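Residue numbers (the numbering used here): 42 to 741.
Laid out in structure tokens, this is it:
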């Protein structure tokens with residue numbers, strides 16, 4: 042009980058009667074959090090690592106009992122051993138950078154998201170553990186072996202085309218196949234010679250470095266960098282001389298492969314097709330850079346870097362630094378680069394190329410070894426087909442973390458701490474997020490896949506570079522309502538649903554009736570009217586929570602539009618039933634009524650062509666939200682509420698005088714030009730109540 046809820050234990054001790062001999066009380070330990078980076082993606086990585094470390098401490102018997110943005114309070118029970126932060130941090134890193142830890146965090150990302158459209162070059166990553174070394178080396182090797190798969194496929198194509206050319210008589214088809222065969226042979230020879238030439242250059246470069254290092258050693262100087270092992274240089278030399286033998290040497294299943302490469306064999310099946318295409322192996326010089334980094338990793342015998350803890354018993358004291366963004370400090374966290382640095386890569390930032398304020402063009406800023414290492418533990422790496430969303434607040438992350446984990450279960454999305462990486466499917470040959478836009482795509486996915494209660498409970502932010510763009514709860518809720526009510530999908534018929542994207546943009550602009558009309562016109566039906574009614578009622582409630590001064594009228598206006606829509610729909614429905622539902626005549630009558638909403642006299646004059654009654658009925662079964670809002674308007678206008686009930690349900694009698702009174706009241710509330718905008722929204726809302734007519738012909 043002390044470990045799970047120390048506050049409850051304290052309460053029981055204080056209220057126990059009679060007092061008994063008690064065990065010594067535990068105590069709280071206040072720990073300070075390392076300042077989080079300003080760069081949002083790296084900040085997310087720090088938060089993910091910090092959450093992982095706190096969870097590890099809880100498993101060791103040190104529960105978190107309070108936290109803020111810059112501090113954490115941990116409970117130390119009497120029976121628990123003294124907390125050694127450095128030792129616990131080291132144990133956590135060993136676990137996090139193990140094969141199991143990287144397989145749970147980084148591997149799903151590599152297997153599901155293309156980090157760069159054309160692939161990334163060989164990213165240099167500081168090694169924290171030897172298991173991390175083997176994991177990264179296996180990933181590099183899987184990408185290199187994909188080149189061999191491509192060459193083998195082309196060899197098979199050449200053999201197939203040779204047979205077909207030999208077995209085909211002289212004809213246009215034979216000439217075409219011969220041309221294809223010649224092109225395949227040229228491509229094969231060009232690619233093989235390209236790799237062999239680059240390997241020869243790399244070998245000469247490394248031999249030059251080795252001679253320089255030998256000279257430095259003779260002069261009692263320390264070499265500046267770690268050199269490749271002898272067996273690695275032999276592999277490069279083999280590749281420059283005989284490409285076929287080189288592939289045998291690089292194949293972990295071959296007896297000709299060195300032991301360092303053979304030990305990577307169990308790791309290779311972990312990497313799927315997407316992860317094997319993450320690195321840009323098609324370019325010759327990048328191919329050799331990837332190979333060089335692979336051999337460098339396998340030549341390491343000890344870890345390269347020790348990452349300092351992100352928690353301390355005393356506040357962190359940061360060193361003074363020079364002004365500017367090129368002051369020999371880490372671009373991510375701001376620490377001095379005295380212990381080494383690396384160029385930022387796609388494994389660290391989504392967009393590693395930055396135009397620094399004190400620079401003349403785009404360049405890859407330098408980051409410290411700790412940031413480069415911690416970036417590996419975060420599966421949050423937004424690519425060209427994904428967006429990053431933060432859930433909840435920093436002070437209360439537990440519920441947000443549980444929501445994030447449940448949300449990604451059974452999906453291709455990635456969860457880390459309180460961050461969601463929403464991965465986009467390919468639609469029409471490109472990611473859906475590129476068609477809809479990043480903000481709209483986040484709104485669409487959360488509205489479709491998240492529990493509607495979570496949309497009301499949590500706050501959501503789209504992370505874009507150094508910005509966090511809030512996703513309003515009312516826009517998320519309306520996204521859920523529209524997609525459920527119309528049963529729409531973001532991709533239909535192999536193409537992106539642009540109408541859905543337009544409707545969601547209206548939701549972001551607080552134009553709900555425009556969004557509703559857009560989908561009603563597209564589909565000509567409402568799949569779930571009950572969901573629409575209840576959803577609009579919930580949307581009205583969320584609008585009442587808007588505290589922005591200039592938008593304080595949103596809830597009132599929304600309810601007024603719904604109320605007048607309900608009153609008018611009683612008359613439109615009456616006209617439709619008299620003319621004949623679903624007929625061309627009904628469509629003409631409804632459209633004509635929609636064109637005459639500016640004044641009640643014009644509307645009733647058009648309705649009189651088909652009706653000889655001075656009253657219409659608005660049934661509650663047709664929509665409770667619109668029914669209740671119509672009733673509210675009638676009460677506010679001072680008219681008599683004529684509510685009756687029959688076998689078909691409860692209904693309101695809406696007279697011509699009722700319409701005149703309500704119109705007068707609303708015209709006073711929305712004077713002059715505001716009336717035109719208000720009536721236009723009523724027109725869209727009323728048209729959406731009869732979607733079958735606005736889909737059949739010209740736009741209303």
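All residues carry an ideal CB built from backbone N, CA and C; glycine is no exception. If you're wondering where the values come from, they're calculated on a predicted model, not measured in any experiment.
Query raised in the report: What is the residue span of the alpha helix (DSSP H) that residue 483 lies within?
Result: 479–490
Query raised in the report: To the nearest whole angstrom, what separates the beta carbons of residue 611 and residue 659, a pair I think is in contact under 8 Å?
Result: 4 Å
Report task. May I ask you to report which of helix, strand or coil DSSP gives residue 728? Result -> helix
Query - Beta-carbon proximity check, residue 606 vs residue 700, cutoff 8 Å - result: Taking 8 Å as the Cβ cut-off, residue 606 and residue 700 do not qualify as a contacting pair.
Report task. Return the Cβ separation of residue 487 and residue 517 in integer angstroms, given the expectation that the two are a contact with Cβ distance under 8 Å. Result -> 6 Å
Report task. Identify whether residue 677 lies in helix, strand or coil by the three-state DSSP scheme. Result -> Assignment of residue 677 by DSSP, reduced to helix, strand and coil, places it in the helix class.
Query - Inter-residue Cα distance where the pair is residue 7 and residue 288 - result: Since the first residue shown for the chain is 42 and the last is 741, residue 7 is missing from the structure and cannot be characterised.
Query raised in the report: Between residue 90 and residue 422, is the Cβ-Cβ spacing less than 8 Å?
Result: Their beta carbons are not under 8 Å apart, which means residue 90 does not touch residue 422 by this criterion.
Query - Burial state of residue 476 (16 or more Cβ within 10 Å) - result: Here residue 476 is buried, its C-beta having at least 16 other C-beta atoms within 10 Å.
Requested in this report: Starting from the N-terminal side, write out each stretch of the beta strand (DSSP E) that is 3 residues or longer and does not extend beyond the segment 303–358.
Outcome: none
Query raised in the report: Looking at C-alpha atoms only, which residue of 470, 568, 566, 580 is the closest neighbour of residue 536?
Result: 470
Query raised in the report: Counting Cβ pairs, one atom from each stretch, are 3 or more of them under 8 Å apart for the segment 499–514 and the segment 522–533?
Result: no
Query raised in the report: Do you know how far the Cα of residue 103 is from the Cα of residue 418?
Result: Take the alpha-carbon of residue 418 and the one of residue 103: they are about 22 Å apart.
Report task. Report all residues from its chain with a CB closer than 8 Å to the CB of residue 580; omit the five preceding and five following residues, and keep chain order. Result -> 515, 518, 519, 522, 553, 599
Query raised in the report: Does the distance from the C-beta atom of residue 312 to that of residue 467 stay below 8 Å?
Result: no
Report task. Can you have a look at residue 590 and say buried or exposed, based on whether 16 or more other CB atoms are within 10 angstroms of its CB? Result -> Bear in mind that the predicted position of residue 590 carries a pLDDT of just 49, short of 50, making it unreliable; the figure below should be weighed with that in mind. Exposed.
Report task. Look up residue 690 in the DSSP assignment and give the residues it is bridged to. Result -> 687
Query raised in the report: So what does DSSP say about residue 162, is it helix, strand or coil?
Result: coil
Query raised in the report: Which first and last residues belong to the beta strand (DSSP E) in which residue 69 is found?
Result: 68–74
Query raised in the report: In three-state terms, what does DSSP make of residue 114?
Result: In the structure shown, residue 114 sits in a strand (DSSP, three-state: E or B).
Report task. Take residue 730 and list the residues in its own chain whose beta-carbon comes closer than 7 Å to its own, dropping the five residues that flank it on each side. Result -> 606, 610
Requested in this report: For the segment 109–155, list the beta strand (DSSP E) runs that are entirely contained and at least 3 residues long, ordered along the chain.
Outcome: 112–117
Query - Cβ-Cβ separation, residue 285 to residue 187 (assumed contact under 8 Å), whole Å - result: Not really, about 17 Å apart at Cβ, beyond 8 Å.
**Report entry** Option in 661, 642, 96, 295 with minimal Cα separation from residue 698
**Finding:** Taking each of 661, 642, 96, 295 in turn and checking the Cα distance to residue 698, the smallest one comes out for 642.
**Report entry** Neighbour-count burial assignment, residue 176, 16 or more Cβ in a 10 Å radius
**Finding:** buried
Requested in this report: Using a Cβ cut-off of 8 Å (strictly closer), state whether residue 503 contacts chain D.
Outcome: Within the model displayed, chain D is absent; a lone protein chain is all it includes.
Query raised in the report: Just the Cα atoms here: how many angstroms apart are residue 3 and residue 648?
Result: Since the first residue shown for the chain is 42 and the last is 741, residue 3 is missing from the structure and cannot be characterised.
Report task. Take the Cβ of residue 624 as the centre, count every other Cβ of all protein chains shown within 10 Å, and call the residue buried at 16 or more, exposed below. Result -> exposed
Query raised in the report: Between which two residues does the alpha helix (DSSP H) harbouring residue 547 extend?
Result: 539–549
**Report entry** Nearest-angstrom beta carbon gap, residue 638 and residue 724 [assumed within contact, 8 Å]
**Finding:** Contact holds; Cβ gap of about 5 Å.
**Report entry** Test item: CB-CB of residue 281 and residue 346 under 8 Å
**Finding:** In this structure, the beta-carbon distance from residue 281 to residue 346 does not fall below 8 Å.
Query raised in the report: DSSP state of residue 580, grouped into three classes?
Result: helix
Report task. Work out the CA separation of residue 86 and residue 379 for me, nearest whole Å. Result -> 22 Å
Query raised in the report: Under 8 Å, do residue 149 and residue 455 count as touching if we go by C-beta distance?
Result: Yes; because the gap between Cβ atoms is below 8 Å, this pair is in contact.
Query raised in the report: Quick one: what does DSSP say residue 599 is sitting in, helix, strand or coil?
Result: helix
Query - Closest residue to residue 157 among 508, 322, 687 (Cα-Cα distance) - result: Closest option to residue 157, judged by alpha-carbon separation, among 508, 322, 687: 322.
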